[in-house]
Amino acid sequence: MNKAATRHNTSVVINKQAFAYSEPKDTWKSWFRQKTRHMSTGKMYRFGHKVMLGLFSLSHFLFYPAMVAALFYPPMLYWTLGIIGGKLLIQSVITYNALKKLDEKDLFVYSWLMDILMFLYYVIFTPALLFKPKNKWK
770 MNKAATRHNT
780 SVVINKQAFA
790 YSEPKDTWKS
800 WFRQKTRHMS
810 TGKMYRFGHK
820 VMLGLFSLSH
830 FLFYPAMVAA
840 LFYPPMLYWT
850 LGIIGGKLLI
860 QSVITYNALK
870 KLDEKDLFVY
880 SWLMDILMFL
890 YYVIFTPALL
900 FKPKNKWK
C-alpha cells in the first residue's frame with residue numbers, strides 16, 4: 770500500500786460507514802505478539818514517514834522524563850509548568866476535535882492517561898525493535 774499510495778490517489782474519509790472495527794486481542798501475550806509484528810513492518814515505510822514517526826516518538830518519550838527532571842530545578846519551575854500546561858492545552862484541543870469527528874468524544878476523559886501510558890508503551894516496545902522478532906503473520 771505504501772508504494773502505491775500518493776496524495777493524488779488516496780484520501781482520508783471520516784464517515785461512520787467507512788469505519789473498520791476489529792476484535793481486540795484477549796491476552797497480553799497475543800497483544801504483545803501483534804504489536805511487535807506490526808512494528809516489524811516499519812522498514813517498509815517511506816523514509817520521510819520514518820523520520821516523522823521517529824521524531825514524534827522520540828519527543829513523546831523524552832517529554833515526561835525531561836519535565837519531571839525540570840520540576841526539581843527551581844529556576845525552571847514556572848517555565849516547566851507553563852510548558853506542561855501549554856502541551857496539555859494544545860493536545861486536548863486537537864484530541865477533542867479529532868474524537869468529535871470520529872464520534873468518540875467519550876474517550877476524551879482518558880486521553881491524558883493514555884498519553885502518559887504511551888510512555889510505558891515505548892519503554893516496553895523499543896527493545897522489541899532492537900531484537901527484531903520473527904514475523905509470524907497468519
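Going by my numbering, the first residue of the sequence shown is number 770, and it counts up by one from there. Using N, Cα and C, we set each Cβ at its ideal position, and we do this for glycine too.
In terms of Cα proximity to M770, the closest of T805, F801, T810, M883 is T810. Ranking K812, T849, M845 by CA distance to the CA of K772 puts K812 first. Collapsing the DSSP output to three states places N778 in coil. Assignment of L871 by DSSP, reduced to helix, strand and coil, places it in the coil class. Residue range 797 to 808 is occupied by the alpha helix (DSSP H) that includes Q803. The DSSP-derived three-state label of I783 is coil. For N771, the three-state secondary structure derived from DSSP is coil.
Judged by their CB atoms, W881 and L857 are nearer to each other than the 8 Å cut-off. Ranked by how close their Cα comes to the Cα of S828, the residues L899, F900, P896, I885 have I885 in first place.
Spanning the alpha carbons of W797 and G823 requires a straight line of approximately 25 Å.
Burial check for T805: the Cβ neighbour count within 10 Å reaches 16 or more, so the residue is buried. One Cα belongs to F894, the other to M845, and the distance between them is close to 31 Å.
In the structure shown, P793 adopts coil according to DSSP, grouped into three states.
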